[in-house]
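Residue numbers (the numbering used here): -16 to 275.
Structure, as structure tokens:
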């Protein structure tokens, strides 16, 4: 069901399939998901206890976990491509450049745990998502080749705040679940992490592909097949440029790099907006849950 829905979104954005095919794929994916939910509700030993989603705090925790994973994994995908294709770093150098995200995420656990005990789940969860949104907005305007220290500081803030939101989601899910359903709640949390990671690659990949294709301005003199190939992705543009004469290839590389930097801004700004909206929603959602 999830694969069908992701594939329908991809085909709709890229235009590779007719609209009715994308619509049919989306509809059948939704029907399969509905069938799975009905089956889980009817059985006495469900794989996923769907009734737990009726609890507001558990549902909020799942949404937080999934969204945090979407943004973190999507950001790592974007950064890995930009650092290698645009700035010419090796895979090892790109990994070292992104270390602040990982290091800050690792240190956030004990600190965020203490903050949850002192400030409460609601403030830590919404604050973590709001700071992540701020990081994305500023990273969208940051030049990684000339503003490295700023980029590293923002990535550290992103890693810490996003991991804090993940910890808050874990606290929300496990604290709200009945003791006899703790294992089922843990399974739901793991599912949210894995689904968020997969969706992060799919969503950011679609955003990058769509904005890259729409913004690239290729030099004159290319054949239609070459234009389609260079416009499909940064990787294809680099491969095409390497197969052409140096002057023409360099022009394609310059156009592709400018388009990818623009796509970088679009993707990170979109992620920031999504997190900001979620932070506002979680602020009110967790407040209602506490009053109950």
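No residue lacks a Cβ here, since even glycine has one placed at the ideal position from N, Cα and C.
These numbers come from a predicted model, not from an experiment.
Once the 5 residues before and after residue 184 are set aside, which same chain residues still bring their CB inside 8 angstroms of it? Taking residue 184 as the centre and dropping the five residues before and after it, the same chain places the C-beta of 56, 57, 60 closer than 8 angstroms to its C-beta, in chain order.
Worksheet item: What's the C-alpha gap between residue 257 and residue 228?
Response: 43 angstroms
DSSP three-state assignment for residue 270, whether helix, strand or coil: helix
_Limits of the unbroken alpha helix (DSSP H) element including residue 48_ = 39 to 64
Check this for me: beta carbons of residue 153 and residue 266, under 8 angstroms apart or not? no
For residue 115 and residue 18, the rounded distance between their alpha carbons: Going by the C-alpha atoms only, they are around 36 angstroms apart.
Does the pairing of the region 44 to 53 with the region 165 to 174 give three or more beta-carbon distances under 8 angstroms? In short, these stretches touch, since the Cβ pair count reaches three.
>> Checking 8 angstroms against the spacing of the C-beta atoms, do residue 40 and residue 260 come in under that value?
In response: no
### Query
Hey, residue 155 and residue 44 are a contact pair by Cβ (cut 8 angstroms); roughly how many whole angstroms apart?
3 angstroms
Practice task
Using beta-carbon positions only, say whether residue 111 and residue 145 come within less than 8 angstroms of one another.
Solution key: yes
Taking only the alpha-carbon atoms, compute the straight-line gap between residue 132 and residue 165 and give it to the nearest angstrom. One C-alpha to the other measures close to 43 angstroms.
With 16 as the cutoff for other CB atoms within 10 Å, does residue 162 come out buried or exposed? exposed
query: In terms of residues, what are the limits of the alpha helix (DSSP H) holding residue 69?
result: Careful: residue 69 lies outside any alpha helix (DSSP H) and carries neither H nor E.
Item checked: Rounded C-alpha distance that separates residue 77 from residue 84 -> Each residue's Cα considered, the two are about 12 angstroms apart.
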